[in-house]
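2 protein chains.
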Amino acid sequence: VALQTVFTALLSVEHPIALAPMGDAAGGALAAAVSNGGGLGLLGGGRGDREWLERELTIVHQRTNRPWGVGFQSWSVERSVVQRALDDLPSAVMLSFGDPTPFADMVHRAGSLLIIQVTDLDEARQARHNGADLIVAQGTEAGGHGGGRATLPFVPAVVDLVAPIPVLAAGGIADGRGLAAALVLGAAGALVGTRFLASPEALLAEAERQAIVAAAGDATERNRILDIARDSPWPERYTARTLRNAFLDQWRGREDDLRADPEALAAYRQAAARRDLGVVPIWAGEAVDLITEATPAGDIVVALAAEAELALAGVGRT
Amino acid sequence: VALQTVFTALLSVEHPIALAPMGDAAGGALAAAVSNGGGLGLLGGGRGDREWLERELTIVHQRTNRPWGVGFQSWSVERSVVQRALDDLPSAVMLSFGDPTPFADMVHRAGSLLIIQVTDLDEARQARHNGADLIVAQGTEAGGHGGGRATLPFVPAVVDLVAPIPVLAAGGIADGRGLAAALVLGAAGALVGTRFLASPEALLAEAERQAIVAAAGDATERNRILDIARDSPWPERYTARTLRNAFLDQWRGREDDLRADPEALAAYRQAAARRDLGVVPIWAGEAVDLITEATPAGDIVVALAAEAELALAGVGRT
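Chains as they are written, first to last, in my numbering: chain A, 4 to 321; chain B, 4 to 321.
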């Protein structure tokens, strides 16, 4: 028997697993593979690049007839881009990082479910106020941008705060044990990023995929350094978790010095232009320890669900 | 039926719950209450104050006939103090923070179980090398001193690394949902600190207990500032999670300035001497959200076990 939750019922999916809408990397091929595997594939619409969105929407339509959705970053996406996604009738639109207020009504009017990702309890209150149908509680373990709360204590706190709105857990979940943990913490499922980023369907350079697979324990850190180096306009409150690299080793704790060093910034841009793995951000969550191969995304969905059932069945039977 | 694990079998306890040996605060009354409730009470031997240890050992003997243990900080305790504890035949001795090598053999020779707490995978490898009978994987959510890995992804990574040595999960666990999560992540139980710190049996000023109970979400932070202010010799790699306070607001991100400001340090010492809650460290984990009353410790043990069983039984039944 599969794991049935409010999430699987609400989205008409088989398994309580959603693809994190990783900007750029979660394209149509990956979203469709997750949906075809029985989860909810979410396109990584990111800041709202129209050309990217058009192309990946086409691919998702070509490859799946199952429920799918799109994610955007609230601090940067334009309403017209969200509307363009809504025109294709996604089952859900997910908004992360920043104020989702400008988008809430348009999502509901289009008949899509509104998913809002939160990184602290104030954001969770705001998401409830915005009429979220589903709230993603993202822990600091997550790869890419995020906040400071850790998944294990944060998820039940959000569950209690926003009940009866269903919650997905995000951050640090890369295998079925993590999915099982999400469920017993009171979540209706898990939103998984890095594990899918390492799948062949993700839009990622092969060298970066291999770096994630090869990364050993304790290999990631949350930092603002790479956003400074990239001159990225991300709101300061959201730092980014990446694999450690030589550039981070050089500048850790010296963010102000980096900002004031035009030569270092120019050198960064040159190295980044040739995708030097010693400097570019490879977004990855803390659970890279648990990722040891580049598994096809559909297989990941099925494996996580099966492993979670095993983990749940095994407790107290020693 | 109770939750049976390798931990409950190894320690001959009823529930897969251990008291974090919080220095000073986890005295004989609290350790005995946890043991009498069916968990494993661990005295908080801290850096190894002999007078404190003698007094609290006497109390634990007076109040329980169940299995109990003692915890110490490896970076600071003397071997003779650990030997003093071993003379009273604890079921287990737990060593945290720093190199446990000087103590491993003496614990085993005395017939106690050796528990080693780790905060990253290198420490986990070292603990296995030291012959640990049980390894506590402590996440950054934990109150007091610790490291940077988060509990949810860290626990399964440690479980995989040190198998078949049993693992306890620590950090962020304050209710039965957290205990259930620990178990499905592959741990044999949970080590719980802050929830017990808020119990009436803990050696804590009533105002500090009430501050923990009253703390709302997102109320803690991990910092080095209060160790700098206290001129504490804690190894730099272990920062401390405390409730946020006015002093942290004042000095966050300005650690070097604080070190170089004798007036600010003198003012801190004066305020700390009168236990000003705006400056003193109130050690507390991220899960303070989930702690809303000062429950007797034995009741906490029973409640956590019952809640965990409910959480496990409820999954997939929506």
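No residue lacks a Cβ here, since even glycine has one placed at the ideal position from N, Cα and C.
If we count the other Cβ atoms within 10 Å of its Cβ and call it buried at 16 or more, is Glu144 (chain B) buried or exposed?
Counted from its first residue, the second sequence places residue 144 (chain B) at position 141. Per the 10 Å Cβ criterion, buried.
Just the chain B side, please: which residues come within less than 7 Å of Arg152 (chain A) by C-beta, in chain order?
If you number the first sequence from 1, residue 152 (chain A) lands on position 149. In chain order: Asp221 and Glu289.
Does Ser115 (chain A) come out as helix, strand or coil in the three-state DSSP assignment?
The residue you call residue 115 (chain A) lines up with position 112 of the first sequence. Here Ser115 (chain A) sits in coil by DSSP.
For chain B, find out if any of its Cβ atoms is closer than 7 Å to the Cβ of Pro159 (chain A); answer yes or no.
By one-based count along the first sequence, residue 159 (chain A) stands at place 156. Cβ-Cβ to chain B under 7 Å: yes for Pro159 (chain A).
At a Cβ threshold of 7 Å, is Val304 (chain B) touching chain A?
Looking up residue 304 (chain B) in the second sequence gives position 301. Answer no: the Cβ-Cβ gap between Val304 (chain B) and chain A never drops below 7 Å.
State yes or no: is the C-beta of Ala297 (chain A) within less than 7 Å of the C-beta of Arg212 (chain A)?
Position 294 of the first sequence, counted from the first residue, corresponds to residue 297 (chain A). Position 209 of the first sequence, counted from the first residue, corresponds to residue 212 (chain A). A contact, by the Cβ cut-off of 7 Å.
What are the uninterrupted segments assigned as alpha helix (DSSP H) that are 4 or more residues long and contained completely in the region 187 to 211 of chain A, given in chain order?
197 to 200
Can you confirm whether Asp91 (chain B), when its beta carbon is compared against all beta carbons of chain A, has any partner nearer than 7 Å?
Mapped onto the second sequence, residue 91 (chain B) falls at position 88. By this cut-off, Asp91 (chain B) is not an interface position.
Within 7 Å (strictly less), CB to CB, does Pro1 (chain B) reach chain A?
Because chain B is modelled from 4 through 321, residue 1 (chain B) falls outside the range shown and cannot be assessed.
Please say whether Ile118 (chain A) and Ala140 (chain A) have beta carbons closer to each other than 7 Å?
Here residue 140 (chain A) refers to the residue found at position 137 when the first sequence is read from its first residue. Here residue 118 (chain A) refers to the residue found at position 115 when the first sequence is read from its first residue. Not a contact, by the Cβ cut-off of 7 Å.
Are the Cβ atoms of Val304 (chain B) and Gly42 (chain B) separated by less than 7 Å?
Walking along the second sequence from the start, residue 304 (chain B) turns up at place 301. Walking along the second sequence from the start, residue 42 (chain B) turns up at place 39. In contact: Val304 (chain B) and Gly42 (chain B) (Cβ atoms closer than 7 Å).
Flag Asp260 (chain A) as yes if its beta-carbon sits less than 7 Å from any beta-carbon of chain B, otherwise no.
The count along the first sequence starts at 1 and reaches residue 260 (chain A) at position 257. No, Asp260 (chain A) lies away from the interface with chain B (no Cβ there is under 7 Å from its Cβ).
Are the CB atoms of Pro70 (chain A) and Leu137 (chain A) nearer to each other than 7 Å?
On the first sequence, position 67 is the one that residue 70 (chain A) refers to. On the first sequence, position 134 is the one that residue 137 (chain A) refers to. Taking 7 Å as the Cβ cut-off, Pro70 (chain A) and Leu137 (chain A) do not qualify as a contacting pair.
Check the Cβ-Cβ distances between Leu307 (chain A) and every residue of chain B, and say whether any is below 7 Å.
The count along the first sequence starts at 1 and reaches residue 307 (chain A) at position 304. False, the Cβ-Cβ gap to chain B never drops below 7 Å.
CB contact flag (Leu162 (chain A), Val187 (chain B), <7 Å):
Position 159 of the first sequence holds residue 162 (chain A). Position 184 of the second sequence holds residue 187 (chain B). In the sequence as displayed, the identity of residue 162 (chain A) is Val instead of Leu. Cβ distance not < 7 Å, so Val162 (chain A) and Val187 (chain B) don't count as in contact.
Nonlocal neighbours in the same chain, by C-beta distance under 6 Å from Pro238 (chain B), ignoring five residues either side
In the second sequence, counting from the first residue as 1, residue 238 (chain B) sits at position 235. Correct list, in chain order: Trp78.
Quick one: measure Cβ to Cβ for Glu17 (chain A) and Ala29 (chain A), integer angstroms, because I've assumed they're closer than 8 Å.
As a first step, residue 17 (chain A) must be located in the first sequence, where it is residue number 14. As a first step, residue 29 (chain A) must be located in the first sequence, where it is residue number 26. At roughly 19 Å, the Cβ-Cβ gap does not stay under 8 Å, so Glu17 (chain A) and Ala29 (chain A) are not in contact.
Taking only beta-carbon atoms, is Gln7 (chain A) less than 7 Å away from chain B?
Within the first sequence, numbered from 1, the residue matching residue 7 (chain A) stands at position 4. It does: the Cβ of Gln7 (chain A) has a partner Cβ on chain B nearer than 7 Å.
Roughly how far, in whole angstroms, is the beta-carbon of Ala190 (chain B) from the beta-carbon of Leu171 (chain B), given that I think they are within contact range, below 8 Å?
Here residue 190 (chain B) corresponds to residue number 187 of the second sequence, with the count starting at 1. Here residue 171 (chain B) corresponds to residue number 168 of the second sequence, with the count starting at 1. 6 Å between Cβ atoms; contact.
Could you name the residues of chain A that Gly142 (chain B) contacts, counting a contact when the two beta carbons are closer than 8 Å?
The count along the second sequence starts at 1 and reaches residue 142 (chain B) at position 139. The answer, in chain order, is Ala153 and Leu155.
What does DSSP give as the partner residues of His64 (chain A) in its beta bridges?
By 1-based counting over the first sequence, the position of residue 64 (chain A) is 61. For His64 (chain A), which the question treats as bridged, DSSP gives no partner whatsoever.
Going by DSSP in three states, Phe310 (chain A) sits in which element: helix, strand or coil?
Taking the first residue of the first sequence as position 1, residue 310 (chain A) is located at position 307. One detail in the question is off: residue 310 (chain A) reads as Glu in this sequence, not Phe. If DSSP states are grouped into helix, strand and coil, Glu310 (chain A) belongs with the helices.
For Asn248 (chain A), three-class secondary structure by DSSP:
Working through the first sequence from its first residue, we reach residue 248 (chain A) at position 245. Note: Asn248 (chain A) maps to coil in three-state DSSP.
Between Val110 (chain B) and the rest of its own chain, which residues show a CB-CB distance below 6 Å, the 5 nearest in sequence each way excluded?
Along the second sequence, read from residue 1 onward, the residue named residue 110 (chain B) stands at position 107. Answer for Val110 (chain B): Val96 and Leu117, listed in chain order.
Of all Cβ atoms in chain A, is any one closer than 7 Å to the Cβ of Val170 (chain B)?
In the second sequence, the residue the question calls residue 170 (chain B) occupies position 167. Not one chain A Cβ lies under 7 Å of Val170 (chain B).
I need the DSSP call for Gly72 (chain A), collapsed to helix, strand or coil.
To locate residue 72 (chain A), count along the first sequence from 1; it is residue 69. Reduced to three states, the DSSP call for Gly72 (chain A) is strand.
Listed by chain order, chain A residues near Ala314 (chain B) by CB distance under 7 Å:
What you label residue 314 (chain B) is simply residue 311 of the second sequence in a count that begins at 1. Within 7 Å Cβ-Cβ: Val187.
If the cut is a Cβ gap below 9 Å, which residues of chain B does Asp178 (chain A) touch?
Counting from 1 along the first sequence, the entry for residue 178 (chain A) is found at position 175. By Cβ distance, chain B contributes Pro159.
Tell me Ser99 (chain A)'s beta-bridge partners as DSSP assigns them.
Within the first sequence, residue 99 (chain A) is the residue found at index 96, counting from 1. Answer is A:Gln76, bridged to Ser99 (chain A).
Determine which residues share a DSSP beta bridge with Arg121 (chain B) and list them.
Your numbering for residue 121 (chain B) matches position 118 in the second sequence. With the sequence shown as reference, residue 121 (chain B) is identified as Val, and Arg is not the correct amino acid for it. Bridge partners of Val121 (chain B): B:Ala140.
Reference Gly175 (chain A), options A:Leu89, A:Pro156, A:Pro167 and A:Pro265, closest by Cα:
Position 172 of the first sequence, counted from the first residue, corresponds to residue 175 (chain A). It is A:Pro156 whose Cα lies nearest to the Cα of Gly175 (chain A).
Considering only the beta carbon of each residue, do Arg336 (chain B) and Asp123 (chain B) sit closer than 7 Å?
Given a span of 4 to 321 for chain B in the structure shown, any question on residue 336 (chain B) remains unanswerable.
Using Cβ-Cβ distances below 8 Å, what residues of the region 267 to 283 of chain B are close to chain A?
none
Alpha-carbon spacing of Asp234 (chain B) relative to Gly47 (chain B), whole angstroms:
For the purposes of this step, residue 234 (chain B) is taken as the residue at position 231 of the second sequence. For the purposes of this step, residue 47 (chain B) is taken as the residue at position 44 of the second sequence. Computed Cα separation, rounded: 21 Å.
Chain-ordered neighbours of Leu293 (chain A) on chain B, where CB pairs are closer than 9 Å:
Translated into positions along the first sequence, residue 293 (chain A) becomes position 290. Neighbours of Leu293 (chain A) on chain B, chain order: Pro156, Pro159, Ala160 and Asp163.
If we ignore side chains and look at the alpha-carbon of each, how far apart do Thr321 (chain B) and Leu229 (chain A) end up?
Translated into the one-based positions of the second sequence, residue 321 (chain B) becomes position 318. Translated into the one-based positions of the first sequence, residue 229 (chain A) becomes position 226. Reliability of the predicted coordinates at Thr321 (chain B) is poor, the pLDDT of 49 falling under 50, and no value is obtained from them.
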